[in-house]
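2 protein chains.
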Amino acid sequence: MLTATILAIGDEIVSGITLDTNTPFLADTLLQIGVEPIGFLSVDDDPERIARALHRALEDAAVVITTGGLGPTIDDLTAAVVARVAGREMRIHEPSLQRIVERFRGRGMEMPRNNEKQALIPEGATVVENPLGTAPGFICPVAHAQGERYIVTLPGVPSEMRRMVEETVVPWLRTRSGSRRFASRTFSTYGISESKLDEMLSGLMDAEEGRLSFRAAFPRMQVRVSVSGEDPAQLQERLDRLEGAIRERLGDAVYAVGDEGLEETVIRLLSERGSTVAVAESCTGGLIGDRLTDVPGSSAAFLMGVVAYANEAKVGVLGVRPETLATDGAVSVQTAEEMAAGVRRISGADLGIATTGIAGPGGGTEEKPVGTVCIGMAWEGGGWSRRYNLGTRDRGWVKQATAQLALDLIRKWALGIPLPPS
Amino acid sequence: MLTATILAIGDEIVSGITLDTNTPFLADTLLQIGVEPIGFLSVDDDPERIARALHRALEDAAVVITTGGLGPTIDDLTAAVVARVAGREMRIHEPSLQRIVERFRGRGMEMPRNNEKQALIPEGATVVENPLGTAPGFICPVAHAQGERYIVTLPGVPSEMRRMVEETVVPWLRTRSGSRRFASRTFSTYGISESKLDEMLSGLMDAEEGRLSFRAAFPRMQVRVSVSGEDPAQLQERLDRLEGAIRERLGDAVYAVGDEGLEETVIRLLSERGSTVAVAESCTGGLIGDRLTDVPGSSAAFLMGVVAYANEAKVGVLGVRPETLATDGAVSVQTAEEMAAGVRRISGADLGIATTGIAGPGGGTEEKPVGTVCIGMAWEGGGWSRRYNLGTRDRGWVKQATAQLALDLIRKWALGIPLPPS
Chain A
101 MLTATILAIG
111 DEIVSGITLD
121 TNTPFLADTL
131 LQIGVEPIGF
141 LSVDDDPERI
151 ARALHRALED
161 AAVVITTGGL
171 GPTIDDLTAA
181 VVARVAGREM
191 RIHEPSLQRI
201 VERFRGRGME
211 MPRNNEKQAL
221 IPEGATVVEN
231 PLGTAPGFIC
241 PVAHAQGERY
251 IVTLPGVPSE
261 MRRMVEETVV
271 PWLRTRSGSR
281 RFASRTFSTY
291 GISESKLDEM
301 LSGLMDAEEG
311 RLSFRAAFPR
321 MQVRVSVSGE
331 DPAQLQERLD
341 RLEGAIRERL
351 GDAVYAVGDE
361 GLEETVIRLL
371 SERGSTVAVA
381 ESCTGGLIGD
391 RLTDVPGSSA
401 AFLMGVVAYA
411 NEAKVGVLGV
421 RPETLATDGA
431 VSVQTAEEMA
441 AGVRRISGAD
451 LGIATTGIAG
461 PGGGTEEKPV
471 GTVCIGMAWE
481 GGGWSRRYNL
491 GTRDRGWVKQ
501 ATAQLALDLI
511 RKWALGIPLP
521 PS
Chain B
101 MLTATILAIG
111 DEIVSGITLD
121 TNTPFLADTL
131 LQIGVEPIGF
141 LSVDDDPERI
151 ARALHRALED
161 AAVVITTGGL
171 GPTIDDLTAA
181 VVARVAGREM
191 RIHEPSLQRI
201 VERFRGRGME
211 MPRNNEKQAL
221 IPEGATVVEN
231 PLGTAPGFIC
241 PVAHAQGERY
251 IVTLPGVPSE
261 MRRMVEETVV
271 PWLRTRSGSR
281 RFASRTFSTY
291 GISESKLDEM
301 LSGLMDAEEG
311 RLSFRAAFPR
321 MQVRVSVSGE
331 DPAQLQERLD
341 RLEGAIRERL
351 GDAVYAVGDE
361 GLEETVIRLL
371 SERGSTVAVA
381 ESCTGGLIGD
391 RLTDVPGSSA
401 AFLMGVVAYA
411 NEAKVGVLGV
421 RPETLATDGA
431 VSVQTAEEMA
441 AGVRRISGAD
451 LGIATTGIAG
461 PGGGTEEKPV
471 GTVCIGMAWE
481 GGGWSRRYNL
491 GTRDRGWVKQ
501 ATAQLALDLI
511 RKWALGIPLP
521 PS
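Protein chains in written order, with the numbering used here: chain A, 101 to 522; chain B, 101 to 522.
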């Protein structure tokens, strides 16, 4: 397997000011095409430290990918240091210089003198075009005791770097990694823990057939299957077969194939069916509305939200009966049902859904500890509610877990999947 | 200056599955106490790669801090590899073993055999207690050609690692970094760009007096001053003097000293004054309510939110006049004013504030392009509104920038700072 080391360059990374998201993106991309990331390095803009890191990285891996340090200022030294480590001269790459000059001209500006240096690349390196910015990247061969190795040098701006990886670096890596092809499929799931998923999918395939991995980035939980082989069409067939097996085992818990978030699934399903939803939020405080409205075009399906934090808002706006609050309390299935019915009535939506709970850290009691959450739903001629105990992590966690639960209930309702027992 | 290299260990990091937030936290903490982070490394759980990374890190820096690989499973090899690199035997640390046994007993369980290994630490190392988990850390001296060096070994669970750093590692580092003391103060600001802040604060102090740095993590923008010297009391005096100078230059743009978020400032100010707020959100979709309710105790000041996404909700619930929508449009200062007055009326809050705008990517026109946002406010006997053009990045950006703007307007209102011209 082709191996790679990733080197992130820049003072702002090593001082902890900027969180480096380029490296995890690159690692994930490499794994998907069958290149093994074996280590990450970060160094500041010091040329000696960059050179040392490059030498070490070349000892370990066949390909070294660098991000950062391609800007126009004197701090931006990556290209020059790479050339030195590779034992090559720097040369102006005329087409890149022309692109930079035209980029400035397009904005009615003269190219500042400093930017000329961004067109300097090591002799013999292949340019990686940057469609979104001024600095091109390059792939520089390095003669090494362990055979020919490569340094792939990319800018640090995430959007530029990602585009260049997808358009140029991935195809190039595929040519280096031999005839073996890699393919993967991701499934987004709700309601099953990582260890339970592992159990439910055990024995799905043997190690030769493919690889199963889990990605838990709360509130998201994803399963990915990766396969490799010579024939791309066959790989897709294998993924289709595996998808069938996964769906059989996980059932309704799979809400999307790919990276779709639960809020996107919900808006897509409701829009397809021409259904609308309105949300009454107490403990989630607006988070459900916020997530739904993150989806472009959500206005087709999401009519309104009421953040009824105070009891007066529950009564005055949503029409919750004061007796319900007095008898059952604000955190109760009865209140959740009345909130859902209320927001449905005032919005005219097909579905009303409501959350009320104790997000903490204060407000818990023995009977209703922090993490107690009630969800209510109301639709034409029907309703549903249930009390949950989500546990007592922190406030943000309880809010997010409740929002995820509510979104999944909207999904189930839209699909006609039976709701959990009340 | 004492130098440090940070080494993150684990398959889940190198495969891109887990975003390593421990390393930036450590880098930031080190800088605040005058230790210079000079490089980061990440390797998978392979013992040879861990050993190689440790050897290289010890060449570069006086202190190497590792995170991860201290769990009970066979993959968790960090402690054993550190002992090998340091040339020391592993020994059971009895007090740690007792703590682990008791931890399990407290939950009515026998300690699994595997966990015993978590009490093994290199001979001669100092234990770093872990109040939140089973695995203790340790500080292991290493005889090195360049003098005595240290490997500080910590678990990878962020909450455990942070607590151990704050309680044990930072005090230990202070004793190593000599008599020089470091102190810093952070100012959270709103409404001034990084380059403008840099300009406004230029010449504030010379390099000997201290260091100025900027931390831009949208929507937050912070300024930090760091000073060093022998006498802690004098350092605080210098910080006080610098704070005065910064406040003089930045004025109302400083909303908090320290890491307080704008939503926390708003809830604190409103609670102190016994004032209440209600929010009518269109383009922000619930984000303002979500941020306000992230603050524990926010129910004292935040009464309710209405996410009036559809025009029907603006009219039916908030009482916006249909003529206003017809004449001025949903995105207009008139609509924003009526939304603010409406949410104030139905909630009984002291202040009503409303957002309406075009978050994109669709919906823009020549007259009202994506990024056009109107904010309205209403209070007893008064009101205010203004139209902004926030630019056209992505939908999430426009929502977050609008929420930040609205929160800052609530802050100004609570403090009696004049609002911007309408």
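Even glycine gets a Cβ: it sits at the ideal position worked out from N, Cα and C.
Backbone CA spacing between residue i and residue j [nearest angstrom]
{"i": "residue 506 of chain A", "j": "residue 436 of chain A", "result": "12 Å"}
{"i": "residue 166 of chain B", "j": "residue 411 of chain A", "result": "50 Å"}
{"i": "residue 577 of chain A", "j": "residue 314 of chain A", "result": "Summary: the structure shown does not reach residue 577 of chain A, with chain A confined to residues 101 through 522, and so no result is reported for it."}
{"i": "residue 369 of chain A", "j": "residue 522 of chain B", "result": "42 Å"}
{"i": "residue 159 of chain B", "j": "residue 206 of chain B", "result": "43 Å"}
{"i": "residue 260 of chain A", "j": "residue 363 of chain B", "result": "33 Å"}
{"i": "residue 500 of chain B", "j": "residue 393 of chain B", "result": "15 Å"}
{"i": "residue 104 of chain A", "j": "residue 225 of chain A", "result": "18 Å"}
{"i": "residue 118 of chain A", "j": "residue 423 of chain A", "result": "53 Å"}
{"i": "residue 443 of chain A", "j": "residue 325 of chain B", "result": "49 Å"}
{"i": "residue 279 of chain A", "j": "residue 184 of chain A", "result": "33 Å"}
{"i": "residue 466 of chain A", "j": "residue 396 of chain B", "result": "20 Å"}
{"i": "residue 253 of chain B", "j": "residue 332 of chain B", "result": "29 Å"}
{"i": "residue 386 of chain A", "j": "residue 298 of chain A", "result": "33 Å"}
{"i": "residue 164 of chain A", "j": "residue 218 of chain A", "result": "20 Å"}
{"i": "residue 291 of chain A", "j": "residue 194 of chain B", "result": "41 Å"}
{"i": "residue 361 of chain A", "j": "residue 518 of chain B", "result": "42 Å"}
Span of the alpha helix (DSSP H), counted from its first residue to its last, around residue i
{"i": "residue 125 of chain A", "result": "122-132"}
{"i": "residue 503 of chain B", "result": "495-515"}
{"i": "residue 153 of chain A", "result": "147-160"}
{"i": "residue 586 of chain A", "result": "No statement about residue 586 of chain A is possible, as the shown extent of chain A runs from 101 to 522 and does not include it."}
{"i": "residue 119 of chain B", "result": "First-last for residue 119 of chain B: undefined, no H or E at that position."}
{"i": "residue 360 of chain B", "result": "Looking at the DSSP string, residue 360 of chain B is not in any alpha helix (DSSP H), and its letter there is neither H nor E."}
Identity of the residue in the options nearest residue i by Cα
{"i": "residue 472 of chain A", "options": "A/478, A/482, A/486 and A/480", "result": "A/486"}
{"i": "residue 196 of chain B", "options": "B/235, B/370 and B/102", "result": "B/235"}
{"i": "residue 475 of chain A", "options": "A/438, A/323, A/496 and A/466", "result": "A/438"}
{"i": "residue 170 of chain A", "options": "A/479, A/220, A/427 and A/282", "result": "A/220"}
{"i": "residue 47 of chain B", "options": "A/279, A/252, A/138 and A/152", "result": "Not covered by the structure: residue 47 of chain B. The range shown for chain B is 101 to 522."}
{"i": "residue 529 of chain A", "options": "A/104, A/210, A/453 and A/320", "result": "Here chain A has residues from 101 to 522 only, and residue 529 of chain A is not among them."}
{"i": "residue 457 of chain A", "options": "A/225, A/492, A/450 and A/445", "result": "A/492"}
{"i": "residue 123 of chain A", "options": "B/141, B/329, B/382 and B/520", "result": "B/141"}
{"i": "residue 294 of chain A", "options": "A/466, A/397, A/316 and A/311", "result": "A/316"}
{"i": "residue 350 of chain B", "options": "B/296, B/247, B/156 and B/144", "result": "B/296"}
{"i": "residue 503 of chain A", "options": "A/389, A/191, A/518 and A/131", "result": "A/389"}
{"i": "residue 306 of chain B", "options": "B/289, B/328, B/292 and B/291", "result": "B/328"}
{"i": "residue 144 of chain B", "options": "B/177, B/126, B/332 and B/450", "result": "B/177"}
{"i": "residue 446 of chain A", "options": "A/183, A/419, A/231 and A/175", "result": "A/419"}
{"i": "residue 484 of chain B", "options": "B/463, B/148 and B/510", "result": "B/510"}
{"i": "residue 515 of chain A", "options": "A/244, A/425, A/172 and A/372", "result": "A/372"}
{"i": "residue 285 of chain B", "options": "B/300, B/248, B/357 and B/223", "result": "B/357"}
{"i": "residue 264 of chain A", "options": "A/416, A/309, A/496 and A/129", "result": "A/129"}
Residue interval of the beta strand (DSSP E) (run including residue i)
{"i": "residue 103 of chain B", "result": "103-109"}
{"i": "residue 326 of chain B", "result": "320-329"}
{"i": "residue 241 of chain A", "result": "237-242"}
{"i": "residue 577 of chain A", "result": "Outside the shown range of chain A (101 to 522) lies residue 577 of chain A, about which nothing can therefore be said."}
{"i": "residue 312 of chain A", "result": "311-317"}
{"i": "residue 245 of chain B", "result": "Note, residue 245 of chain B: premise wrong, no beta strand (DSSP E); not H, not E."}
{"i": "residue 226 of chain A", "result": "226-228"}
{"i": "residue 356 of chain A", "result": "354-357"}
Residue i: contacting residues in chain C (beta-carbon distance under 7 Å)
{"i": "residue 409 of chain A", "result": "Here the protein chains are A and B, and chain C is not one of them."}
Per DSSP, cross-strand counterpart(s) of residue i
{"i": "residue 137 of chain A", "result": "A/104"}
{"i": "residue 142 of chain A", "result": "A/108 and B/140"}
{"i": "residue 192 of chain B", "result": "B/220"}
{"i": "residue 185 of chain B", "result": "Per DSSP, none; premise fails for residue 185 of chain B."}
{"i": "residue 250 of chain A", "result": "A/163 and A/241"}
**Request:** Please go through the stretch 375-418 of chain A and give each complete beta strand (DSSP E) segment of 3 or more residues, from N-terminal end onward.
**Result:** 377-381 and 402-408
**Asked** Which ranges would you report for the alpha helix (DSSP H) in the stretch 413-491 of chain B if only whole runs of at least 4 residues count?
**Response** 422-428 and 433-447
**Prompt:** Unbroken beta strand (DSSP E) runs of length 3 or more, entirely within the stretch 194-224 of chain A: which are they?
**Reply:** 220-222
**Complete alpha helix (DSSP H) runs within the stretch 256-288 of chain A (minimum length 4 residues, chain order)** = 258-264 and 270-276
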